[in-house]
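Residue numbers (our numbering): 3 to 426.
For every residue, glycine included, the Cβ atom is placed at its ideal position computed from N, Cα and C.
Owing to the predicted nature of the structure, the values given are computational and were not obtained by experimental measurement.
Let me begin by presenting the structure, written as structure tokens, before commenting on it.
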């Protein structure tokens with residue numbers, strides 16, 4: 003796919019990976035969504051800042067750092083369509099979620115509503131509040147591939163039922179892009195719905211800044227928003243709000259003040275935010291479809307095709323979950339409506355017991371690291387085994403093809419019962 007980039011920039015794909023990133027030569031990075039990474043230039047800039055801090059610790063932390071931090075807040079604010087006074091940095095999105103949750107005033111019986119796709123650490127934070135503040139949490143169950151309008155409808159129905167029972171809904175928490183399955187969530191519509199229902203909204207935008215376009219966030223106007231810049235965090239508020247998060251003492255603050263350098267790389271080396279998003283969404287979508295063709299399966303998608311307006315793709319593995327006996331066959335599965343299947347014959351399919359499915363998914367994730375120099379998140383979800391692949395500027399189609407063949411190898415190993423062996 004032709005991308006418009008500056009004249010002397012390196013093409014996206016393998017050349018970008020080799021020129022600008024620190025990956026081991028034989029490592030294939032397919033899981034950017036978990037921990038992200040940063041270019042060599044940003045790494046070098048951070049180390050220069052760390053040297054400055056070590057050379058004159060008091061000077062750096064008391065005088066140099068506050069000025070650099072303000073520049074970083076000014077730099078990231080336009081990405082969110084907000085003013086610098088509404089942006090602060092905290093260690094990660096989960097810290098931001100906890101900061102919000104633990105600074106609200108609760109009454110006994112207040113309810114926090116979230117979805118079944120909530121990130122695990124955020125769910126545990128709510129559970130902790132339920133123990134200490136005597137509040138309740140209510141989970142709205144959704145099964146992907148789900149239509150956006152159905153998600154909103156389920157949320158409205160849940161809130162109405164709670165109000166009919168005399169409950170007070172204090173807060174609704176939801177994502178921009180889900181962790182697993184990796185799919186875009188209708189967060190804009192959810193914010194509007196929360197406003198109409200007079201419910202506070204907290205967005206876990208861990209997969210937000212740099213992943214999807216958030217320049218309209220200020221206009222959408224959630225009550226609270228937190229995100230990750232490595233894949234700092236940025237919740238919103240008032241002018242004095244920034245002063246609360248400025249002093250960090252002995253914590254290394256240099257990642258916060260590398261934002262300008264990171265955005266400079268995305269602009270000068272990559273052609274800007276829109277070019278990065280366009281490529282990452284494109285390679286995720288086309289790469290995922292190619293993986294599905296190779297394995298004879300499908301990608302996860304809904305009828306309105308809103309799930310993959312992001313940099314993730316979910317591909318079903320050729321493992322059929324059954325409550326009957328496990329077996330190995332060469333039959334071809336029938337086509338599914340929402341995805342893409344291979345028209346070629348002789349795709350091998352393993353039939354696995356439902357009681358083994360979660361164990362197999364965990365085993366495949368671990369083996370991808372230990373045996374194949376990569377990391378592919380694999381999970382048992384909705385009665386099927388799925389993998390999530392992250393599209394990124396350092397990947398190209400052949401990386402997705404390679405991933406499909408490695409997954410096929412692991413599926414064959416599963417069929418032989420290797421997942422039951424003692425782990426090495």
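By the DSSP assignment, the beta strand (DSSP E) with residue 64 in it spans what residues? Stepping through the chain shown from its first residue, residue 64 is reached at position 62. Annotation: residue 64 is outside any beta strand (DSSP E) and is labelled neither H nor E by DSSP.
Once you ignore the five residues that flank residue 220 on each side, which residues in its own chain have a CB closer than 6 angstroms to its CB? Position 218 of the chain shown, counted from the first residue, corresponds to residue 220. Here the set comprises 83 and 84.
Pull up the distance between the alpha-carbon of residue 259 and that of residue 131, whole angstroms please. Numbered from its first residue, the chain shown carries residue 259 at position 257. Numbered from its first residue, the chain shown carries residue 131 at position 129. Those two C-alpha atoms are separated by around 32 angstroms.
Quick check on residue 107: buried or exposed, where buried means 16 or more other Cβ atoms within 10 Å of its Cβ? Along the chain shown, read from residue 1 onward, the residue named residue 107 stands at position 105. Per the 10 Å Cβ criterion, exposed.
Report, in whole angstroms, the separation of the C-beta atoms of residue 2 and residue 156, which I expect to be a contact under 8 angstroms. In the structure displayed, the chain extends from 3 to 426; residue 2 sits before or after that span and is not available.
Taking one C-beta from the segment 293-310 and one from the segment 197-209 each time, how about it: are there three or more such pairs within less than 8 angstroms? In short, these stretches do not touch, since the Cβ pair count stays below three.
Is there at least one Cβ from chain C nearer than 7 angstroms to residue 72's Cβ? Looking at the structure shown, chain C is missing, and only one protein chain is on hand.
May I ask which residues mark the beginning and end of the alpha helix (DSSP H) holding residue 194? Taking the first residue of the chain shown as 1, we reach residue 194 at position 192. The continuous alpha helix (DSSP H) containing residue 194 extends over residues 189-199.
What would DSSP say about residue 356, mapped onto helix, strand or coil? Residue numbering aside, residue 356 sits at position 354 when the chain shown is read from its first letter. Assignment of residue 356 by DSSP, reduced to helix, strand and coil, places it in the helix class.
Completely contained alpha helix (DSSP H) runs for the segment 362-424, where each covers 4 or more residues: Entirely contained in the segment 362-424, the alpha helix (DSSP H) runs reaching 4 residues are, in chain order, 399-417.
Assuming the contact rule is C-beta atoms closer than 8 angstroms, residue 359 and residue 382 should be a hit. Round their C-beta distance to whole Å, please. Counted from its first residue, the chain shown places residue 359 at position 357. Counted from its first residue, the chain shown places residue 382 at position 380. The beta-carbon distance between residue 359 and residue 382, rounded to whole angstroms, is 4 angstroms. This is short enough to meet the 8 angstroms contact definition.
Helix, strand or coil at residue 207 [DSSP, three-state]: In the chain shown, residue 207 corresponds to position 205, counting from 1. The answer is strand: DSSP assigns residue 207 an E or B state.
By a C-beta neighbour count over all protein chains shown, 10 Å radius and 16 as the cutoff for buried, is residue 419 buried or exposed? Here residue 419 corresponds to residue number 417 of the chain shown, with the count starting at 1. By the neighbour-count rule (16 or more Cβ atoms within 10 Å), residue 419 is not buried but exposed.
Local Cβ density within 10 Å of residue 121, reported as buried at 16 or more and exposed below that: Along the chain shown, one-based indexing puts residue 121 at 119. Residue burial annotation: residue 121 is buried, with at least 16 other C-beta atoms found within 10 angstroms of its C-beta.
For residue 96, count neighbouring C-beta atoms within 10 Å of its own C-beta (all shown protein chains included) and say buried if the count is 16 or more, exposed if not. Here residue 96 refers to the residue found at position 94 when the chain shown is read from its first residue. By the neighbour-count criterion, in which 16 or more other beta carbons inside 10 Å mark a residue as buried, residue 96 falls on the buried side.
Report the three-state DSSP secondary structure of residue 335 (helix, strand or coil). On the chain shown, position 333 is the one that residue 335 refers to. Residue placement at residue 335 is flagged as unreliable, the pLDDT there being 47, under the threshold of 50; a coordinate-derived value is accordingly withheld.
Please state the DSSP three-state secondary structure of residue 128. Taking the chain shown and counting its residues from 1, the one referred to as residue 128 is at position 126. Helix, per DSSP.
Thinking C-beta only, is residue 362 closer than 7 angstroms to residue 370? As a working note, residue 370 is residue 368 in the chain shown. As a working note, residue 362 is residue 360 in the chain shown. Not in contact: residue 370 and residue 362 (Cβ atoms no closer than 7 angstroms).
Got a sec, what are the start and stop residues for the beta strand (DSSP E) residue 116 sits in? On the chain shown, position 114 is the one that residue 116 refers to. Run containing residue 116: 112-117, per the beta strand (DSSP E) assignment.
Roughly how many angstroms lie between the CA atoms of residue 110 and residue 135, to the nearest whole one? The sequence position of residue 110 within the chain shown is 108, counting from 1. The sequence position of residue 135 within the chain shown is 133, counting from 1. Taking C-alpha positions only, residue 110 is separated from residue 135 by approximately 7 angstroms.
Pairing CB atoms from the segment 15-35 with CB atoms from the segment 385-400, are three or more of them under 8 angstroms? With the cut-off at 8 angstroms, the segment 15-35 and the segment 385-400 touch.
Excluding the 5 residues flanking residue 25 on each side, which residues of the same chain have their C-beta closer than 6 angstroms to its C-beta? If you number the chain shown from 1, residue 25 lands on position 23. Once the five neighbours on either side are set aside, the close Cβ partners of residue 25 are 31.
Suppose the cutoff is 8 angstroms on Cβ atoms and the five residues either side in sequence are ignored; what does the same chain contact list for residue 160 look like? Counted from its first residue, the chain shown places residue 160 at position 158. Spatial neighbours of residue 160 in its own chain (CB-CB distance under 8 angstroms, excluding positions within 5 residues in sequence) are listed in chain order as 115, 140 and 142.
Using the DSSP secondary-structure output, state which residues sit across from residue 324 in a beta bridge. As a position in the chain shown, residue 324 is number 322, starting the count at 1. Answer is 355, bridged to residue 324.
Selected residue, minimal CA-CA separation from residue 154, among 190, 54 and 266: Position 152 of the chain shown, counted from the start, is the residue given in the question as residue 154. Ranking 190, 54 and 266 by CA distance to the CA of residue 154 puts 190 first.
Would you grab the beta carbon distance between residue 290 and residue 315 for me? Rounded to a whole angstrom, and I think it's under 8 angstroms. Residue numbering aside, residue 290 sits at position 288 when the chain shown is read from its first letter. Residue numbering aside, residue 315 sits at position 313 when the chain shown is read from its first letter. Sure, about 3 angstroms apart at Cβ, within 8 angstroms.
With DSSP as the reference, identify every bridge partner of residue 149, one or two as the case may be. Translated into positions along the chain shown, residue 149 becomes position 147. The secondary-structure analysis by DSSP pairs residue 149 with nothing; it has no beta-bridge partner.
Counting along the chain, where does the beta strand (DSSP E) carrying residue 141 start and finish? Along the chain shown, read from residue 1 onward, the residue named residue 141 stands at position 139. For residue 141, the enclosing beta strand (DSSP E) starts and ends at 138-142.
Per DSSP, cross-strand counterpart(s) of residue 186: Along the chain shown, read from residue 1 onward, the residue named residue 186 stands at position 184. In DSSP, residue 186 forms a bridge with 179.
My assumption, with CB atoms under 8 angstroms, is that residue 391 sits in contact with residue 317. Please give the rounded CB distance. To locate residue 391, count along the chain shown from 1; it is residue 389. To locate residue 317, count along the chain shown from 1; it is residue 315. About 7 angstroms separates the beta carbons of residue 391 and residue 317, which is inside the 8 angstroms limit, making them a contact pair.
Out of 149, 385 and 376, which has the shortest C-alpha to C-alpha gap to residue 355? One-based indexing of the chain shown puts residue 355 at position 353. The shortest C-alpha separation from residue 355 is found at 385.
Is the CB-CB distance between residue 178 and residue 210 below 7 angstroms? Position 176 of the chain shown, counted from the first residue, corresponds to residue 178. Position 208 of the chain shown, counted from the first residue, corresponds to residue 210. With respect to residue 210, residue 178 sits close: the two C-beta atoms are nearer than 7 angstroms.
If you follow the beta strand (DSSP E) that residue 229 is part of, which residue opens it and which one closes it? Walking along the chain shown from the start, residue 229 turns up at place 227. 226-229 is the span of the beta strand (DSSP E), which, as asked, contains residue 229.
What would DSSP say about residue 1, mapped onto helix, strand or coil? Residue 1 lies beyond the range of the chain shown here (3 to 426); nothing can be said about it.
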